[in-house]
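Chains as they are written, first to last, in numbering that gives the first Met the number 0: chain G, 0 to 191; chain E, 0 to 510. Positions of the beta carbon are idealized from the N, C-alpha and C atoms, including for glycine. As structure tokens, the structure follows; a few thoughts come after it.
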Amino acid sequence: MIVAASAMSTLGLGLGLLLGLAARRFHVETPPLLGEIEKILPGTNCGACGFAGCAGLALAMSEGAAPITACPPGGREVALALAEIVGIEEGAEASIAGMAELQPMVAFIFEDHCTGCGKCFKRCPTDAIVGAAKQIHTVVMDACIGCDACVDICPTEAIVTRRKPRTLNNWYWDKPALAFGAAAPGRSAGTA
Amino acid sequence: MAFPSLAALLRPSQIFAVRGGVHPEPGKHLTAEAEVLDMPVPPLVRVPLQQHSGAMAEPLVRRDDIVLKGQLIGQARGAMSANIHAPTSGRVIAVGHFTAPHPSNLPIPTITIRSDGEDRWGPRLPRLRPEDANPDEIAAQIERAGIVGLGGAAFPAAVKLNQRRKYALDLLLLNGAECEPYLTCDDRLMREHAEGLVDGAGIMARALGVSRIVIAVEANKPEAIAALRRYKHALGIALSVAVVPTQYPMGSAKHLVLAVTGKETPARARTAELGVLVYNVGTAHAVHLAVRYGEPLISRILTVSGRAIARPANVRVLIGTPVADVIAFCGGLTAEPDRVLLGGPMMGLPIQNLRVPVVKGTCGILALSAAETRASAQMPCIRCGSCVQACPCGLTPFEMNARIHAGDLDGAVKVGLMDCIACGACAYACPSSIPLVQAFDHAKGKLAETQSRKHQQEETRRLAIARQAREAAMAEAKRQAMARRKAEMAARKATEPGAAVAELPPAQAAP
Ligand code: SF4
Ligand code: SF4
Ligand code: SF4
Ligand code: SF4
Chain G
0 MIVAASAMST LGLGLGLLLG LAARRFHVET PPLLGEIEKI LPGTNCGACG FAGCAGLALA
60 MSEGAAPITA CPPGGREVAL ALAEIVGIEE GAEASIAGMA ELQPMVAFIF EDHCTGCGKC
120 FKRCPTDAIV GAAKQIHTVV MDACIGCDAC VDICPTEAIV TRRKPRTLNN WYWDKPALAF
180 GAAAPGRSAG TA
Chain E
0 MAFPSLAALL RPSQIFAVRG GVHPEPGKHL TAEAEVLDMP VPPLVRVPLQ QHSGAMAEPL
60 VRRDDIVLKG QLIGQARGAM SANIHAPTSG RVIAVGHFTA PHPSNLPIPT ITIRSDGEDR
120 WGPRLPRLRP EDANPDEIAA QIERAGIVGL GGAAFPAAVK LNQRRKYALD LLLLNGAECE
180 PYLTCDDRLM REHAEGLVDG AGIMARALGV SRIVIAVEAN KPEAIAALRR YKHALGIALS
240 VAVVPTQYPM GSAKHLVLAV TGKETPARAR TAELGVLVYN VGTAHAVHLA VRYGEPLISR
300 ILTVSGRAIA RPANVRVLIG TPVADVIAFC GGLTAEPDRV LLGGPMMGLP IQNLRVPVVK
360 GTCGILALSA AETRASAQMP CIRCGSCVQA CPCGLTPFEM NARIHAGDLD GAVKVGLMDC
420 IACGACAYAC PSSIPLVQAF DHAKGKLAET QSRKHQQEET RRLAIARQAR EAAMAEAKRQ
480 AMARRKAEMA ARKATEPGAA VAELPPAQAA P
């Protein structure tokens, strides 16, 4: 009885070890680059890049078929992060610099024009739009990534994307000009 | 330094040197000798629902409600927040948005009250005899009264008191340094209300369970020092007045702790880790009023000064009083000011709209003439090192500035941007008038924004995954329903073979 049990366990252990080694030995990697890129992309599958979701863009990018600036909602941050792992291709530097000017965008629904059809609601990849059927819909600003998917679908053109409004919580001082001209110590009056 | 130095043990009254610092034009003579004036109730008060660091209070009144002085109109929300009370009696005419007393000119939820001129008190808070109360009761009373730090940062006082649970505290340090030029409101408070202030300090010491109180005052306020020393033995516990050198920024909590105890607070740590809690002297007085008399924090003393003010003075005003009314009470403006600041000239914030209200953290209103703001042309950096010498935190401002302007914010962080206390000593000292601290303000804001965007991105990713999962589940459910229907149909076909011929194929379920 004891002999049988120990024989079985030894067998089990040995085979397990073998399997483990085999898994190590014959491990098939998903291309590491692809995984890395997917980790950086927003993962919201909004389609703004024109590829089949974030995975689609990641694949294209790992094959060099898409520029690292292809994800508009990701903006400059994502482009810079991608540049670190993919490397900057020719001319991309200028386009990243151009992205610096990009402001975070959010969708805004003109409530007078909204018929409550609910089409936008179905399209939004992050469930940023709230509102029951036949009722006016609104956008939850913190969840919206500004992908424009809802803008394109709205039959009454009730949706626009605009710059994310500044609030007291996200306001900060502009960078002081390095112009050598009039300046005064202390904080000068800023603009909103 | 985690251990008190030998010198500190031998001579507990010794003051320790603080590196850096500057000596700006004090400008305190404008208001230091005048007694605090009580400003009459203004016709309109606008009370923002967020006057403290932390979460906004929730409004408890609606338009056309009649409120009494001291009535709770905004309820603290969450662990880090503060109650808001009606500063006078009257009718609520709006619960909406109004321009915040902030350089951005952005709106903030605000309750506007038209006062009835009677200034009628509602029921006050239940009084407490601190001698019989336990620490929790005292903390609860301070929380009820909506007291926040009156030095400017407006940190909820009760939340700070709760650090007693986390750290072993042994010293309550009251900050009466008032190192900002022009400001004299703490000076006047210490001279005129020393007794109440010391009583408040005793109450807080009791709540904290500390055995020692030190009130630190800069050497340029001899009357205040004398007034406080008169009450040295009023409490059962050791109280001393430490005279610290007149130097900006002595009033920063960490530097004050260094000057008084000789212990340096590590960067990004709290003074509580050294066993010290720092409160402004005004906060101690507010605690005295709240505990002994049940009065919530609805007024404060502030300095109205600057050469563009006709009659500079210290004034006790109701929270919510428009800045323009306070200036009018002080005789109005004599000339077009170059800049109007809330707070002191070094760290105060410029405002564009004089109709914004005074809030709990407003310690001064300064209307500075062009002569006082010393406008001068910006020149290139000459690597003179004046900024390095001036920095109380041992940073290299010119280097941080260069990195920020090169767009290398991470590099600026590496050389200590996050340890900068935004005191402005570097910009003051710079002979080339380079806006150093302004660049640091900008960079910190930008970094915070990047942080929050990253956080938001994680949130949206989570939302997207949730949505994909939900869609997959819905598709699966639909598929199963179809399969079930098919099976049913097949079963029916089997039992009544004749009927099936007439039946149409099942309609596609509507999407
Ligand atoms: S698609 Fe346009 S009309 Fe339809 S619910 Fe959305 S916003 Fe309203
Ligand atoms: S609300 Fe519109 S723009 Fe914003 S994430 Fe949803 S679909 Fe995109
Ligand atoms: S603003 Fe910052 S860098 Fe400049 S002196 Fe103060 S702590 Fe140092
Ligand atoms: S004080 Fe001004 S000029 Fe001198 S090193 Fe610093 S930034 Fe440069």
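Which first and last residues belong to the beta strand (DSSP E) in which residue i is found?
i	result
R161(G)	158–162
F107(G)	104–108
R128(E)	Run containing R128(E): none; DSSP gives neither H nor E here.
Y278(E)	275–279
N174(E)	170–175
F328(E)	Note, F328(E): premise wrong, no beta strand (DSSP E); alpha helix (DSSP H) at 322–328.
A223(E)	Note, A223(E): premise wrong, no beta strand (DSSP E); alpha helix (DSSP H) at 221–228.
L196(E)	Here L196(E) belongs to no beta strand (DSSP E); instead the alpha helix (DSSP H) covers 193–207.
N313(E)	312–317
L462(E)	Premise fails: L462(E) lies in the alpha helix (DSSP H), 435–494, not in any beta strand (DSSP E).
T372(E)	Unbroken run through T372(E) is the alpha helix (DSSP H), 369–372; no beta strand (DSSP E).
Can you name, in chain order, every residue of its own chain whose Cβ lies under 6 Å from the Cβ of residue i, other than the five neighbours on each side?
i	result
I92(E)	T111, R113
G52(G)	N44
R190(E)	E222, A223, A226
F397(E)	C380, C386
V105(G)	M140, C143, G145, K163
L238(E)	I212, K231
L177(G)	none
T361(E)	L301, L341
V275(E)	L170, L172, V256
A206(E)	P134, I137, A138, L160
Which same chain residues end up closer than 8 Å to residue i when comparing Cβ atoms and leaving out the 5 residues on each side of it in sequence?
i	result
N352(E)	T98, N104
S368(E)	G305, R306, A307, A334, P336, D337
G363(E)	E179, Y181, L182, C184, L301, T302, V303, S304, L340, L341, G342, G343, G347
G410(E)	R402
Any C-beta of chain C sitting closer than 7 Å to the C-beta of residue i?
i	result
H404(E)	You won't find chain C in this structure, because its protein chains are G and E.
In whole angstroms, what is the alpha-carbon distance linking residue i and residue j?
i	j	result
A489(E)	D141(G)	50 Å
G331(E)	V325(E)	8 Å
Q450(E)	I107(E)	23 Å
A258(E)	P41(G)	49 Å
E457(E)	E475(E)	27 Å
A283(E)	V129(G)	47 Å
I158(G)	E448(E)	26 Å
G11(G)	I1(G)	15 Å
D185(E)	I433(E)	31 Å
Q467(E)	A64(G)	26 Å
R373(E)	G235(E)	49 Å
H441(E)	A401(E)	13 Å
R128(E)	A376(E)	58 Å
A233(E)	V197(E)	8 Å
P66(G)	A82(G)	10 Å
A327(E)	V40(E)	13 Å
L36(E)	R315(E)	6 Å
When every heavy atom of ligand 2 is checked, does at least one fall within less than 6 Å of the C-beta of residue i?
i	result
I128(G)	yes
I144(G)	yes
Any chance the CB of residue i is under 6 Å from a heavy atom of ligand 4?
i	result
I403(E)	no
R382(E)	yes
C536(E)	The displayed coordinates of chain E run from 0 to 510. Any statement about residue 536(E) would go beyond what the structure contains.
Should residue i be listed as close to ligand 3, given that the test is whether its C-beta is under 6 Å from any heavy atom?
i	result
K419(E)	The displayed chain sequence assigns Cys, not Lys, to residue 419(E). The answer is yes for C419(E).
A148(G)	no
V316(E)	no
L348(E)	no
G527(E)	Residue coverage of chain E in this structure runs from 0 to 510, which leaves residue 527(E) outside it and unanswerable.
L394(E)	yes
Within its chain, find whatever has a CB closer than 7 Å to the CB of residue i; leave out the 5 residues flanking it on each side and keep chain order.
i	result
D193(G)	Absent from the model: residue 193(G). The displayed extent of chain G is 0 to 191, so no value can be given.
T114(G)	T155
G148(E)	F154, A156, Y278, N279, T282
What span of residues does the alpha helix (DSSP H) with residue i cover, start to end?
i	result
H254(E)	252–260
P517(E)	Limits of chain E in this structure are 0 at one end and 510 at the other, which puts residue 517(E) out of reach.
I36(G)	31–39
T403(E)	Correcting the residue type first, residue 403(E) is Ile in the shown sequence and not Thr. 396–404 is the span of the alpha helix (DSSP H), which, as asked, contains I403(E).
H96(E)	Element bounds for H96(E): not the alpha helix (DSSP H) but the beta strand (DSSP E), 89–98.
T302(E)	Taken as a continuous stretch (DSSP letters only), T302(E) belongs to no alpha helix (DSSP H), being part of the beta strand (DSSP E) at 298–304.
S80(E)	Careful: S80(E) lies outside any alpha helix (DSSP H) and carries neither H nor E.
### Query
Any contact of the region 72–84 of chain E with the region 52–59 of chain E, i.e. 3+ C-beta pairs under 8 Å?
yes
### Message
Check whether the region 175–190 of chain E and the region 15–27 of chain E are in contact - that is, three or more C-beta pairs closer than 8 Å.
### Response
Verdict: yes, contact present.
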